[in-house]
Amino acid sequence: MTVEELLEKYATGVRDFSGIDISEANLSGVKLSGADFSHANLSVVNLSGANLSGANLSHAKLNVARLRGAHLTGANLNNASLNVANLIRADLSRAQLKGASLIRAELIRADFNRAELTEANLASADLREATLRHANLRRANLSEAIVRGGVLTGANLEQAYLNGTDLGRCDLSSANCRDAEMKQVNLSRSNLSGANLSGANLRWADLSGANLRWADLSGAKLSGASLIGADLSNANLTNSSLVHADLSQARLIKAEWVGADLTGATLTGAKLHATSRFGLKTEGITCEWVDLSPTGDRSITQHFSLEESREFFNATPPTISIIVDAALDHEANFAISGAYFQIAQQYPVLKQPPSMEIGRRRTVFTFRLESDAVLLPTAYIVILPFKDATITQNNICTAIAMLRGEDISQRVLKNSSKIKY
-6 MTVEELLEKY ATGVRDFSGI DISEANLSGV KLSGADFSHA NLSVVNLSGA NLSGANLSHA
54 KLNVARLRGA HLTGANLNNA SLNVANLIRA DLSRAQLKGA SLIRAELIRA DFNRAELTEA
114 NLASADLREA TLRHANLRRA NLSEAIVRGG VLTGANLEQA YLNGTDLGRC DLSSANCRDA
174 EMKQVNLSRS NLSGANLSGA NLRWADLSGA NLRWADLSGA KLSGASLIGA DLSNANLTNS
234 SLVHADLSQA RLIKAEWVGA DLTGATLTGA KLHATSRFGL KTEGITCEWV DLSPTGDRSI
294 TQHFSLEESR EFFNATPPTI SIIVDAALDH EANFAISGAY FQIAQQYPVL KQPPSMEIGR
354 RRTVFTFRLE SDAVLLPTAY IVILPFKDAT ITQNNICTAI AMLRGEDISQ RVLKNSSKIK
414 Y
């Protein structure tokens, strides 16, 4: 079928062109929206600027085709072959590309917003500055692809293959990269805030200067990764592997990393305010100093020798124990539980209720804290429900005044007066 015959039939309402062979034809700028080209051979065809929105191109061959600026909105390209095709600035928003092959395709600034790319093969493709907002790339192969400057906000990359992919300066905020293979990926200066990277394989990845605030990296494999200057504030790094990772100058304020393996890691200059120092594997770490200031401005720093750094990261968690020389009955237990619930509403340091051990002659309440800095203020607060609270609080105030050289009892009393129970 010639190009003229195809366009004439389309003009008369024919839409079924499945299986035809028009390879190397020039169809630039034509309107073929809604046409059926399934299983067709369109290799090396020039479709630059063509309107193929809603077209059926499933299983079609479009290798080395020119589709620059083409409109493929909502098109069906499932299992299509677009290897080495030119799709620069093409509109593929909401298109179906399940199992499609786009190896080494040129996709610079292409629009893949909300496109379906499950198990698509984009190996070595050029996706610089492409937009893939909320695109589904589950189990897709983007190994060695260039996506620098791309926008993947809310994209689904679960179990995707991104080994050696260049994702530098990309926006991956709120993206799902759970269990993705990302060895040696470049994510330098990328925005991964709120992203799910749990279980991801990020060995030897470059995450220097990346924004990982509130990201979930639980169970992630980050051995040998560069996290120099990365922002991991409030990130979840529990049970992650950071063996020989470089966290120099990284911002870890309020990060959760209990169970993390930091063997051989570098932590010099890390910002660790309100970050737990317990339950970590830290054998062979390198850490000359840390920043403990609340805002990470180096106003509070702590320098270490090799032995001191080991002690710093392996200290015993601060605890407060209140021993009552009696076994609590049900009524007393209910009352104390209610009191601590009310206290926690005003004093968020008490994230968890105390553990309670009831013996035949005594009851022990144990509070486990995240920082030594809140030990004495918390002790002052948690004694409130008991009759001898005033005596104990006076002793605590005296101890604090001695340690700090100031009288802060009035300040603490003022804060505690807000608590009702």
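Numbering (this note's numbering) for the sequence shown: -6 to 414. Cβ coordinates follow ideal geometry from the N, Cα and C atoms, glycine included.
Nearest to residue 127 by C-alpha distance, out of 258, 165 and 8, is 165. Counting other Cβ atoms within 10 Å of its Cβ, residue 386 reaches 16 or more and is therefore classed as buried. If you ignore the 5 residues before and after residue 9, its C-beta comes within less than 6 Å of the C-beta of 29, all in its own chain and listed in chain order.
Taken through DSSP and simplified to helix, strand or coil, residue 295 comes out as strand. In the displayed model, residue 241 falls within coil according to three-state DSSP, outside both helix and strand. Between the alpha carbons of residue 275 and residue 284 lies a gap of roughly 18 Å. With a contact defined as Cβ atoms closer than 8 Å, residue 369 and residue 351 miss out at about 27 Å. By the beta-carbon neighbour count (other beta carbons within 10 angstroms, threshold 16), residue 347 is buried. Contact between the stretch 239 to 247 and the stretch 332 to 345 is absent: fewer than 3 CB-CB pairs across the two stretches fall below 8 Å. For residue 177, same chain residues with a beta-carbon under 6 Å away, outside a window of 5 residues either side, are 157 and 197 in chain order. Boundaries of the beta strand (DSSP E) around residue 357: 356 to 361. Sixteen is the threshold: since fewer than 16 other Cβ atoms of the shown chains lie within 10 Å of the Cβ of residue 384, the residue is exposed. For residue 375, no beta strand (DSSP E) run applies; the uninterrupted alpha helix (DSSP H) run containing it begins and ends at 368 to 375, by DSSP.
Residue 154 has 134 and 174 as its beta-bridge partners, per DSSP. For the options 186, 45, 375 and 154, the alpha carbon positioned closest to that of residue 334 is the one of 375. Comparing C-alpha distances from residue 125 to each of 182, 39 and 109 shows the shortest one belongs to 109.
Of the other Cβ atoms in all chains shown, 16 or more fall within 10 Å of the Cβ of residue 306; this residue is therefore buried. The Cβ atoms of residue 75 and residue 93 sit closer than 8 Å to each other.
By the C-beta density criterion, residue 175 is buried, having at least 16 other C-beta atoms within 10 angstroms. Put simply, of 70, 193, 184 and 372 the residue whose alpha carbon is nearest the alpha carbon of residue 160 is 184. Counting of Cβ neighbours within 10 angstroms places residue 294 among the exposed residues, the total staying below 16.
In the three-state reduction of the DSSP assignment, residue 186 falls in the coil class, being assigned neither a helical nor a strand state. Beta-bridge analysis with DSSP links residue 84 to 64 and 104. Distances from the alpha-carbon of residue 361 to those of 15, 353, 349 and 354 put 349 closest. By the neighbour-count criterion, in which 16 or more other beta carbons inside 10 Å mark a residue as buried, residue 365 falls on the exposed side. Residues 35, 36, 37, 38, 39, 40, 75, 78 and 79 of the same chain have their beta carbon placed closer than 8 Å to that of residue 58, with the five preceding and five following residues left out of the count. For residue 231, the three-state secondary structure derived from DSSP is coil.
Put simply, the backbone Cα of residue 259 is about 38 Å away from that of residue 102. Rounded to whole angstroms, residue 62 and residue 186 show a C-alpha spacing of 32 Å. 224 is the residue among 210, 301 and 224 whose C-alpha sits nearest the C-alpha of residue 202. A straight line joining the alpha-carbon of residue 354 with that of residue 345 spans about 25 Å.
In the three-state DSSP reduction, residue 263 falls in the strand class (E or B). In the three-state reduction of the DSSP assignment, residue 393 falls in the helix class, which pools H, G and I.
The straight-line gap separating the alpha-carbon atoms of residue 206 and residue 67 is approximately 34 Å. Taking the CA atoms as reference points, residue -4 sits about 10 Å from residue 2.
Proximity to residue 279 across 379, -6 and 300 peaks at 300, based on C-alpha coordinates.
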